[in-house]
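The opening position of the sequence shown corresponds to residue 507 in this note's numbering, with each subsequent residue numbered one higher.
Note that CB positions come from ideal geometry on N, CA and C, so glycine has one too.
Below is one structure, written out as structure tokens; comments come after it.
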Amino acid sequence: MATRHGPDEPERLGADDERRAREQAEDQRLEAEERRAEAEAQADAAERRRDEAEADLDVEHRGGGAGDAVVPVAARAGRGASLVRTLGIIVILGGIISGVAGVVTWLMVRDELGDQEIVVSDDADRFAGDKVDGPFTAYEQANVIDRHAREETDGLTYAELPRDDPRREVAMNASFLRASLYTSVVAFGVAAFAIGLGVLLILVGIGLLRIASALRDTLRV
């Protein structure tokens, strides 16, 4: 006997087919997402393995396994300590050279002044009667010469005196003497600066040597 379908049977069958199609589409979408997630996980794992391999190669290139990884750091620290020590020695040598040059310059200028047998005038404000062989006596004698010259020229300088004035020679000689004495004062100052700089450099060099020694002691610990 033939099966009879009611008037709602085709509509029900069409709804079932549509539902199954949607379920299949949803299953396919879920499967695609699972495959994509699995592919991403595999890619991440491959990237991690590649990074680990590169790290192992880097360690081997630097000289060994994980225990040897600290060796380059210690080696760099040792080289740094050596550089600091070398710099300290150079600075100390520079300080010694500067100090010796300053002392030699001071002694040379002092001997040159002493050989002139110049004595500070009795009417000087300071060092009266002392031999001119240092920066203070030279400066004081230069001031005395300037005062005496102005007394002779009524306070006029060499440039202010008429050309036919016989006092121009007095002013000129006084200017030359004062310039020489002031030059010696400057030379004493340069020598003193060189000596002070030498002492400072020696102290800095000693400090650098102590720093290098402390770095080496730290590496030995």
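**Study point:** Which listed residue (THR689, ALA665, SER588 and GLU618) has its alpha carbon closest to that of ALA648
**Key:** What you label residue 648 is simply residue 142 of the sequence shown in a count that begins at 1. Of THR689, ALA665, SER588 and GLU618, the residue nearest in Cα terms is THR689.
Exercise for review: Label PHE699 either buried or exposed according to how many other C-beta atoms from any shown protein chain fall within 10 Å of its C-beta, with 16 as the threshold for buried.
Suggested key: On the sequence shown, residue 699 is found 193 positions in, with the first residue counted as 1. Exposed, since its Cβ has fewer than 16 Cβ neighbours within 10 Å.
Review point. What is the DSSP secondary structure of VAL626, reduced to helix, strand or coil?
Key: Along the sequence shown, one-based indexing puts residue 626 at 120. Three-state result, VAL626: coil.
Practice item. With GLU666 as the anchor, note down where its alpha helix (DSSP H) starts and where it stops. Key: Your numbering for residue 666 matches position 160 in the sequence shown. It is not in any alpha helix (DSSP H) - GLU666 carries neither H nor E in the DSSP assignment.
Practice item. Look at ILE602 and GLY702 and say whether their C-beta atoms are less than 8 Å apart. Key: For the purposes of this step, residue 602 is taken as the residue at position 96 of the sequence shown. For the purposes of this step, residue 702 is taken as the residue at position 196 of the sequence shown. It is not a contact, given that the beta carbons lie outside the stated cut-off.
Review point. Going straight from the alpha carbon of LEU619 to that of VAL692, what length do you get?
Key: One-based indexing of the sequence shown puts residue 619 at position 113. One-based indexing of the sequence shown puts residue 692 at position 186. LEU619 and VAL692: Cα-Cα distance of roughly 13 Å.
Review point. Within this structure, are the beta carbons of LEU683 and ILE712 separated by less than 8 Å?
Key: For the purposes of this step, residue 683 is identified with residue 177 of the sequence shown, where counting begins at 1. For the purposes of this step, residue 712 is identified with residue 206 of the sequence shown, where counting begins at 1. No, Cβ-Cβ distance for LEU683 and ILE712 is not below 8 Å.
Check your understanding: From this set, VAL638, VAL606, ALA630 and ALA655, which residue's C-alpha is nearest ASP617's C-alpha?
Key -> Numbered from 1 along the sequence shown, position 111 holds the residue referred to as residue 617. Ranking VAL638, VAL606, ALA630 and ALA655 by Cα distance to ASP617 puts VAL638 first.
Review point. At what residues does the alpha helix (DSSP H) containing PRO672 begin and finish?
Key: Within the sequence shown, numbered from 1, the residue matching residue 672 stands at position 166. Neither: PRO672 is in no alpha helix (DSSP H) and is coded neither H nor E.
**Study point:** Start and end residues, alpha helix (DSSP H) containing ARG746
**Key:** Examination of residue 746 is not possible in this model, given that the chain is present from 507 through 727 alone.
Check your understanding: So, using beta-carbon positions, are THR611 and ALA697 closer together than 8 Å?
Key -> Counting from 1 along the sequence shown, the entry for residue 611 is found at position 105. Counting from 1 along the sequence shown, the entry for residue 697 is found at position 191. Yes, these two residues count as a Cβ contact at 8 Å.
Review point. To the nearest whole angstrom, what separates the beta carbons of GLY600 and ALA718, a pair I think is in contact under 8 Å?
Key: To locate residue 600, count along the sequence shown from 1; it is residue 94. To locate residue 718, count along the sequence shown from 1; it is residue 212. Contact doesn't hold; Cβ gap of about 17 Å is too wide.
Point to revise | Simplified DSSP state of ARG722, which is helix, strand or coil | key: The residue labelled residue 722 in the question sits at position 216 within the sequence shown. In this structure, ARG722 counts as helix in the three-state DSSP scheme.
Exercise for review: Let me know the secondary structure DSSP gives GLY573 once reduced to three states.
Suggested key: Locating residue 573 in the sequence shown gives position 67, where the first residue counts as 1. The pLDDT assigned to GLY573 is 47, lower than 50, so where the model puts this residue is not dependable, and the model offers no usable value.
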